[in-house]
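There are 2 protein chains.
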Amino acid sequence: MANSAQTSRDVELVARLQAAGYRLTPQRLALVHLLSRDDSHPSADQIFARLRAEYPTVSLATVYNTLDMLVELGEALTLDLSEGCTRYDVRRPGAHPHVICRVCGRVADLDLDGLERFVEAARTSTAFGDLQPRIHFDGVCPTCASGSSRKPEG
Amino acid sequence: MANSAQTSRDVELVARLQAAGYRLTPQRLALVHLLSRDDSHPSADQIFARLRAEYPTVSLATVYNTLDMLVELGEALTLDLSEGCTRYDVRRPGAHPHVICRVCGRVADLDLDGLERFVEAARTSTAFGDLQPRIHFDGVCPTCASGSSRKPEG
DNA sequence: CTATATGCAAATCGTTTGCACCTTA
DNA sequence: TAAGGTGCAAACGATTTGCATATAG
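Read top to bottom, the protein sequences are chains A and B. Quick note: the first sequence, position 145, residue 145 per my numbering, numbers continuous. Positions in the second sequence are counted from 1; adding 1000 to them yields my numbering.
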């Protein structure tokens, strides 16, 4: 247990899984442990690769299964950022805006004043009901903007 | 020409293509004509099917090529709505919010007061630069909410 | 013990690509 | 006629699925 300090999110997730009647398999525990500490908004593939490093027998199918399970429980947020793959936010499962760097793909959470007001404006502007916001901004992160690995403009 | 009345968008697009040095092939003209009148935010597949109805020899590859071309010219907006395929908005190419029905997939444009203010708030809240908003809301359209084809709640 | 998970490999499906043949300008 | 497009079919890559084996409770 030396290298597996637990975060409160970690404990919370395990409790949720158990409460929902899911079996606590080693694969799930390892995944939850990893995800509760990872704020990079990783894709399934990235999660798979990282998990494999400490757990060489896990399969990609199990990663997908567990992610689906977390999404179902409302404990994971899916991000469709037009990259060709879905990325996941397990640390902050409530819907919130993100920024993604169009050069390197880095994703960051965004806390915006006026978000509530904005969503409220949407609710009163459409006949559609039960609205859930999906908000992100494409941009260029400071590292890429400073030309570290690629020029800022084409 | 009886059934091919032109919209101003149609004419505008043809002019843009020509000005950009693209050849005006029959396939491109048919596609542009169709897209400039279609406000359903169709996917490439749907566009392909509709185009085939009047033009049985077009290929899906040409549909993708032409869409890419329009996106490059800034004349088409891509929408990634977590449906497993990209949808396109060629009628209003400027970035704007959308609503999508999570039951039937219908998409509608959304005009929101305070959008500028909101985007401005985002620009001042992150170190990322050159932000482009990607905003949509999942919801339930009036038709689906009224239970026409499925119950509103699980 | 047995319902549930896992791992593997094959299947799916949207999108992209390679290439020989056409066509616009 | 020559640069650029087209259609077809094969290739790709993310995700899903079927199924025999393993295991949590």
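Note that the Cβ used here is the ideal one computed from N, Cα and C, for glycine as well. Source: prediction; values computed, not measured.
- Query: When the Cα of LEU1017 (chain B) is compared with those of B:GLN1006, B:LEU1029 and B:GLU1054, which residue comes out closest?
  - Reply: Here residue 1017 (chain B) refers to the residue found at position 17 when the second sequence is read from its first residue. With distances taken between Cα atoms, LEU1017 (chain B) lies closest to B:LEU1029.
- Query: Between ASN1003 (chain B) and the rest of its own chain, which residues show a CB-CB distance below 6 Å, the 5 nearest in sequence each way excluded?
  - Reply: For the purposes of this step, residue 1003 (chain B) is taken as residue 3 along the second sequence, with counting starting at 1. Note that ASN1003 (chain B) has pLDDT 47, beneath the 50 cutoff, so the model's placement of it is unreliable and the number below is only indicative. Answer for ASN1003 (chain B): no residue qualifies.
- Item | Length of the line joining the Cα atoms of GLU1012 (chain B) and ILE1047 (chain B) | As a working note, residue 1012 (chain B) is residue 12 in the second sequence. As a working note, residue 1047 (chain B) is residue 47 in the second sequence. Looking at the two C-alpha atoms, the distance is approximately 20 Å.
- Item | Coarse secondary structure for HIS1033 (chain B), derived from DSSP in three states | Here residue 1033 (chain B) corresponds to residue number 33 of the second sequence, with the count starting at 1. It is helical.
- Under a three-way DSSP split, which group does PRO56 (chain A) fall into? Residue numbering aside, residue 56 (chain A) sits at position 56 when the first sequence is read from its first letter. Coil.
- Message: Please state the DSSP three-state secondary structure of VAL140 (chain A).
- Response: Looking up residue 140 (chain A) in the first sequence gives position 140. The answer is strand: DSSP assigns VAL140 (chain A) an E or B state.
- Task: Quick one: which residues of the stretch 1132-1149 of chain B get their C-beta closer than 7 Å to a C-beta of chain A? List them in chain order.
- Result: GLN1132, PRO1133, ARG1134, ILE1135, HIS1136, PHE1137, ASP1138, GLY1139, VAL1140, CYS1141, PRO1142 and ALA1145
- When the distance is taken between beta carbons, is HIS1041 (chain B) closer than 8 Å to ASP1010 (chain B)? Taking the first residue of the second sequence as position 1, residue 1010 (chain B) is located at position 10. Taking the first residue of the second sequence as position 1, residue 1041 (chain B) is located at position 41. Cβ distance not < 8 Å, so ASP1010 (chain B) and HIS1041 (chain B) don't count as in contact.
- Task: Compute the Euclidean distance between the alpha carbons of ALA95 (chain A) and PHE1137 (chain B), then round it to the nearest angstrom.
- Result: The count along the first sequence starts at 1 and reaches residue 95 (chain A) at position 95. The count along the second sequence starts at 1 and reaches residue 1137 (chain B) at position 137. Taking the straight line from one Cα to the other gives about 11 Å.
- Item | 8 Å Cβ cutoff, ARG87 (chain A) in contact with chain B | In the first sequence, counting from the first residue as 1, residue 87 (chain A) sits at position 87. No, ARG87 (chain A) lies away from the interface with chain B (no Cβ there is under 8 Å from its Cβ).
- Query: CB-CB under 6 Å to PRO152 (chain A), same chain, minus the five flanking residues each way: which ones, in chain order?
  - Reply: Position 152 of the first sequence, counting from 1, holds the residue named residue 152 (chain A). Interpretation of PRO152 (chain A) is limited by its pLDDT of 36, a score under 50 that renders its predicted location unreliable; no figure is taken from the coordinates.
- Task: Answer yes if the stretch 85-101 of chain A comes into contact with the stretch 1065-1080 of chain B, meaning at least three C-beta pairs across the two stretches below 8 Å, and no otherwise.
- Result: no
- Any C-beta of chain B sitting closer than 8 Å to the C-beta of SER82 (chain A)? Taking the first sequence and counting its residues from 1, the one referred to as residue 82 (chain A) is at position 82. Yes, contact with chain B.
- Message: Tell me the DSSP secondary structure of ALA2 (chain A) in three-state form.
- Response: Here the question's residue 2 (chain A) lines up with position 2 in the first sequence. With a pLDDT of only 39 at ALA2 (chain A), under the threshold of 50, the placement of this residue in the model should not be trusted; the figure read from the coordinates follows. Coil.
- Say whether chain A places a C-beta atom closer than 8 Å to the C-beta of GLY1094 (chain B). Residue 1094 (chain B) sits at position 94 when you count from the first residue of the second sequence. Chain A contact via Cβ: absent.
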